[in-house]
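Residues 1 to 259, numbered by the UniProt record's numbering, are exactly what the sequence shown covers, in order. Even for Gly, the Cβ is constructed at its ideal location relative to N, Cα and C. Treat the numbers as computed from the prediction; the structure is a model and nothing was measured. Shown next, in C-alpha cells, is the structure this report addresses.
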Amino acid sequence: MIETQTTNNASIKINNVNRIYIDANGNLVEALRDINLNIRAGEFISFIGPSGCGKTTLMRLIAGLDKPQSGELFLDNEKIENTNFERGYVFQQANLFPWETIENNIAAGLKARKIYKEHKNEVKEYIKLTGLEGFENSYPHQVSGGMAQRASLARALINNPKVLLLDEPLGALDAFTRMDLQDKLIELWQQRKTTMVLVTHDVDEAIYLSNRVVIMTPRPGKIEEIVKIELERPRNRTAHKFVELRKEILEKLHIARKH
C-alpha cells in the first residue's frame, strides 16, 4: 500500500533570479527579471500571466532543467543545480512512451532509478489512485488525452516527489475532463501534502486549485502581485467570492500587461 507521507513536501526559495537567452534568430531575450519568491512546504501555488512572460522558464529553473544567469533557487535550503526525482514534472502534453503500456509508463521512473523490484506493487496502487484501472495494458494512442495525463501524474507521483511541477497539464483538454482532473489534483494534494506549483492561463483554474496566485508581467517576466485565495474547499466556481476573485485577478492581469 502507498503510505501518505504528510512530511514529504518541501519549501522553495527563489532569490534574485534572472534568465536571459538567445532565441532562434540570434536575438537576446530577457525572460525573467529579479524573481524573488518563497513557496511554502505543502502549498499549492499557481503562476499566471500572458504568453511569453517566463512562466515555463521559471518552472524549468525549479526543475533543474535550466540555470539562471544570476540568482539562486533552493529546495529546503539545498541549492537547485540539476534535475532530481524529488521534483516531479508534468508537461502540457503527456509525453508518454508510445511503445510502452500505461502500466510500464508509470513504472518508468522506478526502473530508471533501479528500484522497480522493491516498489513493483505500488504501480497498481497508483493506477488505482489516478483512476486508470482497466487501462493498465493499453498503449498511449489507445486512451484519451485525459487518461494520458492521469498516467503522467501517476508516473510523476510514484517517485514520491517533494514538489510536483505542473506546466499547463490540463490546457489541451476539454472542459469536462479538465474539471475532473482539477478535482483529482486537489484530492491528491490533500492526501499527500505534496508542494504543487502550477503554470496556467486559466484564471478560474488558478483560483479553484491554489492557496496563492502569482501574477506575472509580460517579458521580461516579473512578479506583479501575489493574490491569496482564502476560500474554503471544496470551492464553488459560481459563489460570489469566487466570482469577485476572478474579477480582481483579471483586472490585475490587465494592469500587469501594461508594465
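Cβ shell of residue i (< 6 Å), same chain only, five flanking positions each side left out
{"i": "arginine 60", "result": "Asp66"}
Cβ pair residue i, residue j closer than 7 Å
{"i": "glutamate 103", "j": "glutamate 133", "result": "no"}
{"i": "threonine 130", "j": "arginine 150", "result": "yes"}
{"i": "isoleucine 12", "j": "serine 210", "result": "no"}
{"i": "proline 169", "j": "valine 243", "result": "no"}
{"i": "arginine 246", "j": "tyrosine 208", "result": "no"}
{"i": "alanine 175", "j": "leucine 96", "result": "no"}
{"i": "alanine 256", "j": "isoleucine 215", "result": "yes"}
Residue closest to residue i, alpha-carbon to alpha-carbon, out of the options
{"i": "valine 143", "options": "Gly42, Glu100 and Ile226", "result": "Glu100"}
{"i": "alanine 63", "options": "Ala148, Tyr208, Ala94 and Leu198", "result": "Leu198"}
{"i": "tyrosine 139", "options": "Ser152, Glu232 and Leu188", "result": "Ser152"}
{"i": "lysine 184", "options": "Ala154, Ile80, Phe97 and Asn36", "result": "Ala154"}
{"i": "isoleucine 14", "options": "Arg237, Ile223, Glu230 and Ile229", "result": "Ile223"}
{"i": "aspartate 23", "options": "Asn36, Asn38, Gly52 and Ile39", "result": "Gly52"}
{"i": "methionine 196", "options": "Asn77, His254 and Leu166", "result": "Leu166"}
{"i": "alanine 108", "options": "Ala156, His254 and Arg40", "result": "Ala156"}
{"i": "glutamine 92", "options": "Arg233, Ala206, Thr200 and Glu248", "result": "Thr200"}
Contact set for residue i: own chain, Cβ-Cβ below 7 Å, skip 5 residues either direction
{"i": "proline 161", "result": "Phe85, Glu86, Arg87, Gly88 and Thr194"}
{"i": "leucine 32", "result": "Val17, Asn18, Arg19, Gly54, Thr57, Leu58, Pro220 and Gly221"}
{"i": "isoleucine 39", "result": "Ser11, Ile12, Ile45, Thr195 and Val197"}
{"i": "aspartate 204", "result": "Arg237 and Arg246"}
{"i": "isoleucine 106", "result": "Val123, Tyr126, Ile127, Ala151, Ala154, Arg155 and Ile158"}
{"i": "glutamate 72", "result": "Asn15 and Lys79"}
{"i": "threonine 83", "result": "Ala63, Gly64 and Leu65"}
Simplified DSSP state of residue i, which is helix, strand or coil
{"i": "leucine 37", "result": "strand"}
{"i": "leucine 32", "result": "strand"}
{"i": "threonine 4", "result": "For threonine 4, the predicted model reports a pLDDT of 44, less than 50, meaning its position is unreliable and no value from the coordinates is stated."}
{"i": "leucine 96", "result": "coil"}
{"i": "asparagine 16", "result": "strand"}
{"i": "valine 243", "result": "helix"}
{"i": "isoleucine 22", "result": "strand"}
{"i": "leucine 173", "result": "coil"}
Pairwise C-alpha distance: residue j and residue i
{"i": "threonine 4", "j": "proline 218", "result": "Unreliable placement is indicated for threonine 4, whose pLDDT of 44 sits below 50; no coordinate value is reported for it."}
{"i": "valine 227", "j": "valine 29", "result": "28 Å"}
{"i": "glycine 146", "j": "alanine 172", "result": "9 Å"}
{"i": "aspartate 34", "j": "leucine 250", "result": "23 Å"}
{"i": "glycine 26", "j": "isoleucine 20", "result": "12 Å"}
{"i": "glutamate 187", "j": "valine 163", "result": "16 Å"}
{"i": "phenylalanine 47", "j": "histidine 240", "result": "23 Å"}
{"i": "isoleucine 80", "j": "phenylalanine 74", "result": "5 Å"}
{"i": "proline 50", "j": "lysine 117", "result": "44 Å"}
{"i": "histidine 141", "j": "proline 98", "result": "7 Å"}
{"i": "glutamine 190", "j": "glutamine 69", "result": "36 Å"}
{"i": "aspartate 202", "j": "leucine 37", "result": "21 Å"}
{"i": "valine 213", "j": "alanine 206", "result": "6 Å"}
{"i": "isoleucine 127", "j": "lysine 114", "result": "20 Å"}
{"i": "glutamate 248", "j": "leucine 231", "result": "14 Å"}
{"i": "aspartate 76", "j": "alanine 112", "result": "25 Å"}
{"i": "alanine 94", "j": "glutamate 125", "result": "20 Å"}
{"i": "histidine 254", "j": "glutamate 78", "result": "36 Å"}
Neighbourhood of residue i by C-beta, 8 Å cutoff - its chain only, sequence neighbours within 5 removed
{"i": "histidine 119", "result": "Leu110 and Ile158"}
{"i": "lysine 252", "result": "Ile215, Glu224, Glu225 and Val227"}
{"i": "aspartate 180", "result": "Gly146"}
{"i": "glutamine 182", "result": "Leu170, Glu205, Tyr208 and Leu209"}
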